[in-house]
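Participant:
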Amino acid sequence: MRAFLGTHLVRSAARFLHDCQLRHTTTPGQRFVTFSFDDGPDPESTPYLLDLLDKYRVAATFFLVGEQAARHPELVRDIADRGHRLGNHTYHHADLWRSSTPDAIRDLRACSRLIDSLTGEMPQCWRPPYGHLTGPVMTWCRRQGIQTVLWDVLAPDASPRANARHMVSSLERRIRPGSIVAMRDSPVVVGQTTIALETLLPRLLLAGWELETLPRPTPLVRAA
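Quick note on numbering: the sequence shown equals residues 439 to 662 in our numbering.
1. From the DSSP output, which residues share a beta bridge with S474?
2. Is it true that the stretch 533 to 547 meets the stretch 507 to 524, where meeting means three or more beta-carbon pairs spaced less than 8 angstroms apart?
3. Mind checking which residues open and close the beta strand (DSSP E) that includes T586?
4. Please classify V628: does DSSP put it in a helix, a strand, or coil?
5. Taking 8 angstroms as the threshold, find out whether the stretch 520 to 532 comes into contact with the stretch 559 to 567 through three or more Cβ pairs.
6. Quick one: what's got a C-beta closer than 7 angstroms to T651's C-beta in the same chain, skipping five residues either side?
7. Is the beta carbon of L639 sitting closer than 8 angstroms to the one on Y494?
8. Taking DSSP as the reference, what is the three-state secondary structure of R509?
9. Who are the near neighbours of T572 in its chain, counting only those whose CB is closer than 8 angstroms to its CB and skipping five residues on each side?
10. Helix, strand or coil for L534 per DSSP?
11. Quick one: residues in its chain with C-beta nearer than 8 angstroms to the C-beta of L609, no 5 flanking neighbours on either side, listed in chain order?
12. Taking R547 as part of the beta strand (DSSP E), name the residues at either end of that continuous run.
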């Protein structure tokens with residue numbers, strides 16, 4: 439019975455993750471990475487991030503929380519006007535594991551409609567808060583043409599005690615061609631995270647990395 443349940447769970451997870459973007463597919467010689475920022479926009483952190491990305495001419499992807507976007511519509515427009523991609527991070531930062539499917543879909547719709555009303559463009563990708571996914575919501579998103587985006591590199595930036603040197607070392611060690619890096623757009627980043635990015639971005643660019651947005655027109659690696 440235990441073996442059966444283990445096999446069932448593995449197969450369920452495989453079906454679950456099949457539609458998730460974890461990283462880009464690459465061909466030999468390609469070296470590109472996507473930086474993405476969750477939980478914004480925020481009046482403390484977003485301007486810092488935008489100016490820093492402008493400084494190094496880097497385009498990123500921002501997964502926005504609808505409540506935050508409604509409070510700071512000017513920041514949503516600023517992100518879009520500066521050439522960055524906007525993604526859906528649900529309206530209320532909803533945990534799908536604690537939400538009914540109808541509630542989760544309403545949350546996603548509300549966030550997408552708000553972003554569209556502010557920028558004239560519906561988001562084509564979304565990221566679930568906490569990385570918590572459910573099959574019915576993923577199926578709905580796929581039918582709507584909205585891609586589910588996770589990450590293969592999660593920045594250690596959740597704590598106000600985050601250390602810039604440790605963050606740079608951790609990210610440099612884990613970034614691979616096609617990586618999707620997940621970071622936060624919140625007051626936590628005003629400090630060690632921005633210091634880390636000030637070090638990391640020019641290093642990557644000097645090493646020949648291309649820093650690009652999501653989604654890309656090329657195929658993406660799917661989890662097996």
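All residues carry an ideal CB built from backbone N, CA and C; glycine is no exception.
Facilitator: Looking at the atomic coordinates:
1. Here residue 474 corresponds to residue number 36 of the sequence shown, with the count starting at 1. As a beta-bridge residue in DSSP terms, S474 pairs with T499, A620.
2. no
3. Locating residue 586 in the sequence shown gives position 148, where the first residue counts as 1. Looking at the DSSP string, the run of the beta strand (DSSP E) that includes T586 is 585 to 587.
4. Position 190 of the sequence shown holds residue 628. Residue state, collapsed to three classes: coil.
5. Because the criterion of three Cβ pairs below 8 angstroms is met, the stretch 520 to 532 and the stretch 559 to 567 touch.
6. Here residue 651 refers to the residue found at position 213 of the sequence shown. Hits under 7 angstroms: T472, A497, A498, T499, H522, R523.
7. As a position in the sequence shown, residue 639 is number 201, starting the count at 1. As a position in the sequence shown, residue 494 is number 56, starting the count at 1. Cβ distance < 8 angstroms, so L639 and Y494 count as in contact.
8. Here residue 509 is taken as the residue at index 71 of the sequence shown, counted from 1. Residue state, collapsed to three classes: helix.
9. For the purposes of this step, residue 572 is identified with residue 134 of the sequence shown, where counting begins at 1. Cβ within range, chain order: L534, W535, T539, A542.
10. Against the sequence shown, residue 534 aligns to sequence position 96. Looking at L534 - three-state DSSP - the assignment turns out to be helix.
11. As a first step, residue 609 is located in the sequence shown; it is residue number 171 there, counting from the start. Within the same chain, L609 has close Cβ partners V591, A593, V619, A634, L638.
12. Taking the sequence shown and counting its residues from 1, the one referred to as residue 547 is at position 109. It is not in any beta strand (DSSP E) - R547 instead sits in the alpha helix (DSSP H) that spans 539 to 557.
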